[in-house]
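Everything below concerns the one structure shown next.
Residue numbers (my numbering): 106 to 451.
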C-alpha cells in the first residue's frame with residue numbers, strides 16, 4: 106500500500122478535492138455540504154470534479170471564491186439556488202395540494218409531470234419547438250465565466266459526447282454556460298448541446314463525477330465525494346417508474362464505481378510503482394451522503410420549490426457536520442470510505 110501523505114501546509118490547511126454528483130434539484134444537498142465545509146478554515150480546495158448539478162455547484166463555488174472568498178462563495182451558491190427556485194415558480198411541474206398537505210416532495214401525482222413522463226417515451230425533444238433553457242440566463246447572471254481561468258480551484262466538468270459515447274472533460278478556461286448545460290442535458294428531455302461542432306448529453310453517463318483528473322492533475326490526495334445517487338437499494342424495484350429510476354442510478358454510478366475499485370485494487374498491490382499507479386493508490390476517499398436523500402423519489406429531482414431546496418441544503422449541512430464530527434482528524438491521514446468493500450460486491 107502506498108504510504109500516507111499528509112497535505113497540511115504551514116498554516117494548518119489541508120488540500121482537499123470535491124467530487125460532486127449530479128441529480129437535478131437534489132444538488133441542493135451538495136450546496137449544503139459545501140456551505141458547511143467552507144466554514145472550516147483548515148479545508149483548502151484544490152480541485153472540483155462535477156457533473157450536471159454538481160458541475161453548476163462547482164462553477165458557482167469557484168467564481169464566488171474569486172468574489173469575496175469563502176463568504177463570497179456561500180453567497181453565490183445561495184443566490185444561484187434562489188434564482189433556480191424563482192425561475193421555476195411558474196413551472197408546470199408542481200406538487201398537488203394533497204402532496205403539499207401530506208408533506209410529499211415528489212411530483213409523482215403532478216398531471217404535467219405524468220404527461221411529460223409519458224411523452225418522453227414516444228416523442229423526441231427534436232419534435233418539440235426548441236425553447237431557451239432558463240438555466241442559461243441564471244448561469245450567466247451568477248457566474249463570471251471570463252474569470253474562471255483565474256480561479257485557484259481547478260474545475261473538471263464532465264459531459265458525454267453523443268457521437269463517441271465517451272466523457273469529455275472541460276477545464277476552467279473551457280467552461281461556458283453551454284458546457285454546464287451540456288453536463289446536465291438529459292437526452293429524453295432536451296436536445297443535445299452543441300459545443301465546437303460536437304453534441305453532448307448529461308455527463309452522468311460517462312462519469313458522475315469523474316475521479317481521474319483529481320488523481321492526475323491535482324496536488325491533493327484527499328477527495329470528498331458528495332453522493333446523491335444511491336449505490337445500493339435493498340428493495341427490488343417492481344413498478345415501471347421504480348425500475349427506470351434504478352436503471353438510471355446504476356448507469357450514473359457505474360463509471361464512478363469502476364474508478365473507486367481501481368483505487369481499492371492498487372492499494373492492495375505490494376508495489377503500485379512510482380508513477381500514476383502510486384497516485385491512484387495514494388488517494389484517500391471520504392464520502393458524505395444521507396439516507397434522507399436516498400429516500401426521496403426520483404421525480405423530486407424536478408422540484409425546485411425554495412422550501413424543498415433549503416430542506417436539502419440543511420440536510421447537506423447536517424451530513425457534513427456528522428462527517429466532520431467523526432472524521433475531521435482523518436482527512437489528510439487516512440481514507441474514511443471503505444472502498445475495499447466495493448471489491449467484494451464486484
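Using N, Cα and C, we set each Cβ at its ideal position, and we do this for glycine too.
Between the region 204-217 and the region 402-411 there are three or more C-beta pairs closer than 8 Å, enough to call the two in contact. Take the alpha-carbon of residue 228 and the one of residue 221: they are about 10 Å apart. Measuring C-alpha to C-alpha distances from residue 194 to each of 410, 432, 442 and 427 identifies 410 as the nearest. Judged by DSSP secondary structure, residue 411 falls within the alpha helix (DSSP H) whose first and last residues are 411-432.
CA-to-CA, the gap between residue 262 and residue 275 works out to about 5 Å. Shown here, residue 388 sits in coil according to DSSP, grouped into three states, outside any helix or strand.
Burial state of residue 282 is buried, judged by a 10 Å Cβ sphere holding 16 or more other Cβ atoms. Using a 10 angstroms sphere on the CB of residue 128, the tally of other CB atoms reaches 16 or more, which defines it as buried.
Under DSSP, no beta-bridge partner is assigned to residue 206. In chain order, 214 place their CB closer than 7 Å to the CB of residue 204, counting only its own chain and leaving out the 5 sequence neighbours on each side. The beta carbons of residue 118 and residue 136 sit no closer together than 8 Å.
Out of 307, 323, 257 and 264, the CA that lies nearest to the CA of residue 167 is found in 257.
Taken atom to atom, the span from the alpha-carbon of residue 126 to that of residue 182 is near 16 Å.
When the Cα atoms are used, residue 292 and residue 357 turn out to be separated by approximately 14 Å. For the pair residue 383 and residue 372, the Cα-to-Cα distance works out to about 9 Å. Uninterrupted alpha helix (DSSP H) stretches at least 4 residues long and entirely within the region 177-235 occur at 202-207 and 216-224, given in chain order. Here residue 329 carries a strand assignment [DSSP, helix/strand/coil]. Under the three-state reduction of DSSP, residue 144 is assigned to coil, being neither helix nor strand. When secondary structure is reduced to three states using DSSP, residue 303 falls in the strand class. Counted as a single uninterrupted DSSP element, the alpha helix (DSSP H) harbouring residue 168 occupies residues 158-171. Rounded to whole angstroms, the Cβ separation of residue 192 and residue 243 is 6 Å, and the two are in contact under 8 Å. Between residue 395 and the set 352, 353 and 334, the nearest pair of CA atoms involves 334. Spatial neighbours of residue 321 in its own chain (CB-CB distance under 6 Å, excluding positions within 5 residues in sequence) are not present. Between the region 293-313 and the region 184-191 there are fewer than three C-beta pairs closer than 8 Å, too few to call the two in contact.
Residue 240 and residue 286 have their C-alpha atoms spaced approximately 8 Å apart.
Following the DSSP letters along the chain, one finds residue 260 inside the beta strand (DSSP E) bounded by residues 259-266. When rounded, the separation of the alpha-carbon atoms in residue 444 and residue 400 is 23 Å. Counting along the chain, residue 119 sits inside the beta strand (DSSP E) bounded by residues 119-125. DSSP, read as helix, strand or coil, puts residue 273 in strand. For residue 396, the enclosing alpha helix (DSSP H) stretches over residues 396-399. Assignment of residue 370 by DSSP, reduced to helix, strand and coil, places it in the helix class.
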